[in-house]
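Counting from 1, position 205 in the sequence shown corresponds to residue 205 in the UniProt record's numbering; the numbering is continuous, with no gaps. Working notes, beginning with the structure itself.
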Amino acid sequence: MGPSFRSNKRLGQEETALLLKSSRKCLANLLELSTREGSRYTWELESDEANVSVYRVRRAKKLASKWSNMFQKAPAANEPIMYCAVTQVSGTLEEIVDLFHGNMNDSAEMKTLHKQLHPHLLDMQVLKTLEAPTEYNPMHSVQLLWQAYSMSPSALFRPRDFTLLQAQDEFVSSTGRRGWARSLQSFASPAYPSLELPHGGYVRGSIYGSGHLFTESATPGCIDVVAVMCMDPKSNMPAWTQCMNIKRHVSNLHVLHDILHDRRMNAEGFLGDLDLVPKASVASCYVCRKAFHLLSRKIHCRKCGVVVCSKCTQERNATLDKQGATKLDVCIMCCDTTKYRPSASASERGSVQSGLKARFSNLRSPMQSPCGSSPSSTTMSSLSSQRSDNRFAKTPTRPSSTRSQQATYFGMNPKHGTRVVVVH
Numbered sequence: 001m002g003p004s005f006r007s008n009k010r011l012g013q014e015e016t017a018l019l020l021k022s023s024r025k026c027l028a029n030l031l032e033l034s035t036r037e038g039s040r041y042t043w044e045l046e047s048d049e050a051n052v053s054v055y056r057v058r059r060a061k062k063l064a065s066k067w068s069n070m071f072q073k074a075p076a077a078n079e080p081i082m083y084c085a086v087t088q089v090s091g092t093l094e095e096i097v098d099l100f101h102g103n104m105n106d107s108a109e110m111k112t113l114h115k116q117l118h119p120h121l122l123d124m125q126v127l128k129t130l131e132a133p134t135e136y137n138p139m140h141s142v143q144l145l146w147q148a149y150s151m152s153p154s155a156l157f158r159p160r161d162f163t164l165l166q167a168q169d170e171f172v173s174s175t176g177r178r179g180w181a182r183s184l185q186s187f188a189s190p191a192y193p194s195l196e197l198p199h200g201g202y203v204r205g206s207i208y209g210s211g212h213l214f215t216e217s218a219t220p221g222c223i224d225v226v227a228v229m230c231m232d233p234k235s236n237m238p239a240w241t242q243c244m245n246i247k248r249h250v251s252n253l254h255v256l257h258d259i260l261h262d263r264r265m266n267a268e269g270f271l272g273d274l275d276l277v278p279k280a281s282v283a284s285c286y287v288c289r290k291a292f293h294l295l296s297r298k299i300h301c302r303k304c305g306v307v308v309c310s311k312c313t314q315e316r317n318a319t320l321d322k323q324g325a326t327k328l329d330v331c332i333m334c335c336d337t338t339k340y341r342p343s344a345s346a347s348e349r350g351s352v353q354s355g356l357k358a359r360f361s362n363l364r365s366p367m368q369s370p371c372g373s374s375p376s377s378t379t380m381s382s383l384s385s386q387r388s389d390n391r392f393a394k395t396p397t398r399p400s401s402t403r404s405q406q407a408t409y410f411g412m413n414p415k416h417g418t419r420v421v422v423v424h
């Protein structure tokens with residue numbers, strides 16, 4: 001069970017408005033951060049395993065002049081360590097949105113999903129939904145989350161918890177490809193105090209400008225995925241342990257492909273016992289055509305019903321009405337068939353989304369401020385990008401006003417006496 005924040009302070013209207021305003025800026029900053037060229041960040045490749053490329057991201061250093069030492073200020077504090085992971089998964093943007101939006105109001109289901117993406121997740125909870133998806137904007141939402149993660153080695157470091165502002169919205173690149181962003185940014189509020197002992201012994205850390213970017217790839221039926229994590233554990237943890245913990249947070253990105261694959265199989269359903277081909281009537285494997293012998297194991301495919309050998313089958317995660325979560329055998333032919341086919345729910349959602357595009361055309365961009373600024377300076381189309389290859393989608397360069405948006409936002413509600421700080 002997640003923590004119960006017992007506080008007599010609540011978020012007021014002013015604090016909520018500041019969080020919503022900051023959510024749009026956090027999304028824009030995430031898009032700018034992932035731009036590999038022509039930005040303030042440099043990318044250094046550290047590993048490339050399981051189709052996931054992991055990069056160490058650093059702020060680009062300015063060239064020093066011969067007069068710089070005369071006006072040199074005191075050295076700045078160490079910047080939080082940042083890692084990014086890049087991969088490509090088969091699927092559609094609607095499937096990605098269904099994956100994250102389908103359980104956004106259920107903390108238990110959301111925890112299950114994030115536990116698959118981040119095995120070191122201890123607990124999480126949805127604190128509050130500030131903006132929910134609507135018919136006119138089904139890919140947009142803003143929520144407040146609480147998450148707790150173990151730190152490795154766990155025998156030496158206490159777990160860290162975070163109060164996060166999560167913003168999700170779509171964007172369009174300069175090449176016309178659609179994308180969907182999910183940003184995470186720490187915020188501080190007396191309404192959600194730190195959970196020190198005896199409430200679990202968590203150390204309140206901070207996460208800056210992190211999240212996920214999903215962009216339609218140049219390869220049909222594929223999505224380019226970028227995961228960003230910039231964490232400050234708020235302790236004297238050595239740099240090498242910080243790197244290890246942050247790197248493992250993004251390096252498990254390859255499981256997203258299996259999650260989408262299993263969801264497609266579950267959406268199409270599985271066969272019952274009466275629909276399967278009798279094993280006694282089969283003498284060879286349906287896939288590899290090798291004859292069964294005394295020590296061979298005959299296995300039913302729960303998708304097509306045929307009998308296959310152990311080498312031509314895979315165990316897939318399934319959720320059944322009566323048994324609940326279980327594992328079922330599926331032949332490799334059915335696995336390959338559903339690997340690149342979008343689920344029925346995603347296809348239906350895609351048709352609804354395309355039908356709403358005409359209704360969206362005269363509306364403001366979801367990330368545009370309600371104060372009525374010009375569309376040319378605030379729409380997501382202005383945050384345009386170019387791609388370097390099929391595996392990495394270079395997201396839009398930030399607008400000229402992005403630098404002025406990196407301030408810290410404070411809000412004071414006289415009635416509740418609550419101050420909200422979006423941590424930068």
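Backbone N, C-alpha and C fix where the C-beta goes; we use that ideal spot for every residue, glycine too.
Per DSSP, K115 is one residue of the alpha helix (DSSP H) stretching across 107–117. Boundaries for M151: no beta strand (DSSP E) harbours it, and the DSSP string shows neither H nor E there. Rounded to the nearest angstrom, the Cβ distance from R56 to E49 is 15 Å, too far for a contact under 8 Å. Excluding its 5 nearest sequence neighbours in each direction, I246 has C-beta neighbours in its own chain below 6 Å: I81, Y83, M229, M231, listed in chain order. Here T112 is exposed: its Cβ has fewer than 16 other Cβ atoms, across all protein chains shown, within 10 Å. With fewer than three CB-CB distances shorter than 8 Å, the stretch 253–261 does not count as touching the stretch 165–183. The Cβ-Cβ distance between C335 and V306 does not fall below 9 Å. K128 sits in a strand when the DSSP states are folded into three classes.
In the three-state scheme derived from DSSP, where H, G and I count as helix and E and B as strand, A191 is classed as coil.
In the structure shown, the three-state DSSP call for V282 is coil. Leaving aside the five residues that flank L156 on each side, none in its chain has a CB nearer than 7 Å to its CB.
If you compare the alpha carbons of P220, R316, A218, S217 with that of R263, the shortest gap goes to R316. Going by C-alpha positions, M104 is about 32 Å away from Y41. Excluding its 5 nearest sequence neighbours in each direction, H261 has C-beta neighbours in its own chain below 7 Å: T338, K339, listed in chain order. Around the CB of S310, fewer than 16 other CB atoms lie within 10 Å, so the residue is classed as exposed. For A17, the uninterrupted alpha helix (DSSP H) run begins and ends at 13–33, by DSSP.
Under DSSP, R59 shares a beta bridge with Y41. Taking one beta carbon from each stretch, the stretch 123–132 and the stretch 7–21 have 3 or more pairs nearer than 8 Å; the two touch. The C-beta distance from A291 to A283 rounds to 6 Å, short enough to meet the 8 Å contact threshold.
According to the DSSP assignment, N317 belongs to the beta strand (DSSP E) that extends over 313–320.
A residue is called buried once 16 or more other Cβ atoms fall within 10 Å of its Cβ, and T319, having fewer, is exposed. Membership of C334 in the alpha helix (DSSP H) is indicated by the continuous run 332–339.
A Cβ-Cβ distance of about 5 Å is found for the pair H140 and D169, placing them in contact under the 8 Å criterion. The Cβ neighbour count for Q166, taken over all protein chains shown within 10 Å, is at least 16; the residue is labelled buried. Each residue's CA atom was taken as its position, placing A191 and P238 some 31 Å apart. Counting only residues of its own chain and dropping the five nearest sequence neighbours on each side, K115 has a CB closer than 8 Å to the CB of L121.
Counting C-beta atoms within 10 angstroms of its own C-beta, L274 has fewer than 16 neighbours from the protein chains shown and is therefore classed as exposed. Separation of A325 and V142 (C-alpha to C-alpha, rounded to the nearest whole angstrom) is 29 Å. Under DSSP, the beta-bridge partners assigned to K327 are N317. Per DSSP, reduced to three states, the secondary structure at H140 is coil, with no helix or strand assignment.
Between Q147 and G269, the alpha-carbon positions lie close to 33 Å from each other. Rounded to whole angstroms, the gap between the alpha carbons of D321 and T92 is 26 Å. In its chain, beyond the 5 residues on either side, L144, L145, W146, Q147, L184, Q185, S186, F187, I207 have a beta carbon closer than 8 Å to the beta carbon of L164. Between the beta-carbon of V287 and that of C304 there is about 10 Å, and that puts the pair past the 8 Å contact cut.
A check of alpha carbon separations from V226 across Q13, E15, L30, N236 identifies L30 as the nearest. Within the same chain, Cβ atoms closer than 7 Å to the Cβ of R204 are found at D161, S194, K234, the five residues on either side in sequence being excluded.
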